[in-house]
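**Q** Numbering (the working numbering), first residue to last: 6 to 124.
Where a beta carbon is used, it is the ideal one built from N, C-alpha and C, also for glycine.
1) Given a threshold of 16 other Cβ atoms within 10 Å of its Cβ, counted over all protein chains shown, does residue 121 qualify as buried or as exposed?
2) Spatial neighbours of residue 81 within its chain, please: C-beta separation below 6 Å, excluding the five flanking residues on both sides.
3) Using CA coordinates, which residue listed in 30, 46, 27 is at the minimum distance from residue 11?
4) With three or more beta-carbon pairs closer than 8 Å as the criterion, would you say the segment 110 to 121 touches the segment 31 to 49?
5) Comparing alpha-carbon positions, which option in 60, 50, 84 lies nearest residue 36?
6) Residue 73 bridges to which residues according to DSSP?
7) Look at the Cβ atom of residue 15, then the Cβ atom of residue 86, and state whether they are nearer than 7 Å.
8) Please report the distance separating the alpha-carbon of residue 58 from that of residue 97.
9) How many whole angstroms separate the CB atoms of residue 72 and residue 27, which I take to be in contact at a CB cut-off of 8 Å?
10) Verify whether the separation of the beta carbon atoms of residue 74 and residue 21 is less than 7 Å.
11) Flag this pair as yes or no: are the beta carbons of residue 29 and residue 70 separated by less than 7 Å?
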């Protein structure tokens, strides 16, 4: 996400928090358009809606016209989008490190086994 999209995401999550975790989708879009009025902001707002719903699963649709915060979205709304992305990045690094450690330990075990057969 760009810096502008992160600001839009933080504001959308803030709007949801201000309205007890649920808000009319059109009302939220109108509030965002008042604050983010540049020409390309409309596209960014739609992108943020889709990203928070489909990719991050921080916001869910409630019926056809309403948005609600998911439990993860409620936690994230306090942290801010940038911190949330940083947290996800750290989790990914741990996953990769775990896979590398697993592969290295397998190679060491195989080498140890082969050396045990030779000596």
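**A** Taking the coordinates as given:
1) To locate residue 121, count along the chain shown from 1; it is residue 116. Classification for residue 121: exposed.
2) Against the chain shown, residue 81 aligns to sequence position 76. Excluding sequence neighbours, residue 81 sits near 63, 89.
3) The residue you call residue 11 lines up with position 6 of the chain shown. The shortest Cα separation from residue 11 among 30, 46, 27 belongs to 46.
4) no
5) Translated into the one-based positions of the chain shown, residue 36 becomes position 31. That would be 50, whose Cα lies nearest to the Cα of residue 36.
6) As a working note, residue 73 is residue 68 in the chain shown. Per DSSP, 27, 65.
7) Residue mapping note: residue 15 aligns to position 10 of the chain shown, counting from 1. Residue mapping note: residue 86 aligns to position 81 of the chain shown, counting from 1. Cβ atoms of residue 15 and residue 86: closer than 7 Å.
8) The count along the chain shown starts at 1 and reaches residue 58 at position 53. The count along the chain shown starts at 1 and reaches residue 97 at position 92. Looking at the two C-alpha atoms, the distance is approximately 20 Å.
9) Here residue 72 corresponds to residue number 67 of the chain shown, with the count starting at 1. Here residue 27 corresponds to residue number 22 of the chain shown, with the count starting at 1. Going by Cβ atoms, the distance from residue 72 to residue 27 rounds to 7 Å, so yes, they are a contact pair.
10) Within the chain shown, residue 74 is the residue found at index 69, counting from 1. Within the chain shown, residue 21 is the residue found at index 16, counting from 1. Yes, these two residues count as a Cβ contact at 7 Å.
11) Your numbering for residue 29 matches position 24 in the chain shown. Your numbering for residue 70 matches position 65 in the chain shown. Yes, the Cβ-Cβ distance between residue 29 and residue 70 is below 7 Å.
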